[in-house]
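If you're matching positions, the sequence shown starts at -17 in this note's numbering and goes up one per residue.
Glycine included, each C-beta is placed from N, C-alpha and C at the ideal position.
Only a predicted model underlies this, so the values are computations on that prediction, with no experimental measurement involved.
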Amino acid sequence: MKDVTEMVTGDPLATSRRSANLKGDPMATADKTLDDLFLGTLKDIYYAEKQILKALPKMAKAAQSAELKAAFETHREETEGQVDRLEKVFELLGKRAQGKTCDAIIGIIDEGKEIMEEFKDTSALDAGLLSGAQAVEHYEISRYGTLKAWAAKLNLPEAVRLLDQTLQEEKKTDQLLSRLAESSLNRKAA
């Protein structure tokens, strides 16, 4: 009977490579821990937040609605605080704050750029910008929720507190964007 790894990958050598990895191969990923995953994800969201800081002023400038423009400007200020909190988490770990390329946020921001170009000067622009901003918020909520849970498992109570503070801000921003969409922006786009 085929091993599950072989069935999933279609690679008949996958089973032997996996077996070698579990037997102490120095290239093995079996040695990775939750600590490694936590640090890697922390670097990912740090990079993402830095990219978001660059994108928010452009989104605010493109927004037609004064309310949406204000929401983007307010969230930029919050994001600066979120970056500071991430840097404190790195300090708690005794690590230098550094990002690693986050393809997910690059893709989400690129979609936002496309919307700004394709819908410039149309009634649908703000609805599109808001949609892109919510995609960012949902990504951040997912990351911060995961990091908070892992920090708890790793017995990092100060990191839990810092990550939860950011998580709550992200949820609040998502709720504000939903209210803007439902109260006016989607209707104006129709």
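Exercise for review: Counting only the same chain and skipping the five closest in sequence on each side, list residues whose C-beta sits under 7 Å from that of Q212.
Suggested key: Given a span of -17 to 172 for the chain in the structure shown, any question on residue 212 remains unanswerable.
Exercise. Rounded to whole angstroms, what's the CA-CA distance from L145 to L50? Just pull it up for me.
Key: Here residue 145 refers to the residue found at position 163 when the sequence shown is read from its first residue. Here residue 50 refers to the residue found at position 68 when the sequence shown is read from its first residue. Distance between the alpha carbons of L145 and L50: 26 Å.
Query - E140, enclosing alpha helix (DSSP H) - first and last residue - result: For the purposes of this step, residue 140 is identified with residue 158 of the sequence shown, where counting begins at 1. From DSSP, the alpha helix (DSSP H) with E140 extends over P139 to L162.
Please determine whether the Cβ atom of A133 lies at a distance below 7 Å from any heavy atom of the ligand FAD.
Absence of the ligand FAD from the depicted structure is noted, as is the absence of any ligand whatsoever, leaving it without description.
- My guess is that G114 and G89 are in contact by the Cβ rule of under 8 Å, so how many angstroms apart are they, rounded? Taking the first residue of the sequence shown as position 1, residue 114 is located at position 132. Taking the first residue of the sequence shown as position 1, residue 89 is located at position 107. Not really, about 11 Å apart at Cβ, beyond 8 Å.
Report task. Going by CA-CA distance only, name the one from T155, K36, L159 and E140 that's closest to I87. Result -> Mapped onto the sequence shown, residue 87 falls at position 105. The option with the nearest alpha carbon to I87 is K36.
Identify every run of the beta strand (DSSP E) within the segment 11 to 95, keeping only runs that are complete inside it and at least 3 residues long; order them along the chain. none
Return the first residue and the last residue of the alpha helix (DSSP H) that T128 is part of. The residue given as residue 128 occupies position 146 in the sequence shown. Looking at the DSSP string, the run of the alpha helix (DSSP H) that includes T128 is L107 to K135.
Can you give the beta carbon distance from T23 to T128, rounded, assuming they're within the 8 Å contact cut? As a first step, residue 23 must be located in the sequence shown, where it is residue number 41. As a first step, residue 128 must be located in the sequence shown, where it is residue number 146. Rounded, the Cβ-Cβ distance is 7 Å, consistent with contact.
*Smallest Cα separation from Y29: which of S165, E122 and A163?*
In the sequence shown, counting from the first residue as 1, residue 29 sits at position 47. Ranking the options by Cα distance to Y29, first place goes to E122.
- Message: Only counting the same chain, and skipping five residues up and downstream in sequence, which positions put a Cβ closer than 8 Å to that of M41?
- Response: Walking along the sequence shown from the start, residue 41 turns up at place 59. Cβ within range, chain order: F54, G94, M98, L111, G114 and A115.
Item checked: CA-to-CA distance, E140 to S165, given in whole angstroms -> Start at 1 with the first residue of the sequence shown, and residue 165 comes out as number 183. Start at 1 with the first residue of the sequence shown, and residue 140 comes out as number 158. When rounded, the distance between both Cα atoms is 38 Å.
With a 10 Å radius around its C-beta and 16 neighbouring C-beta atoms as the bar for buried, classify R161 as buried or exposed.
-> Walking along the sequence shown from the start, residue 161 turns up at place 179. Under this definition R161 is an exposed residue.
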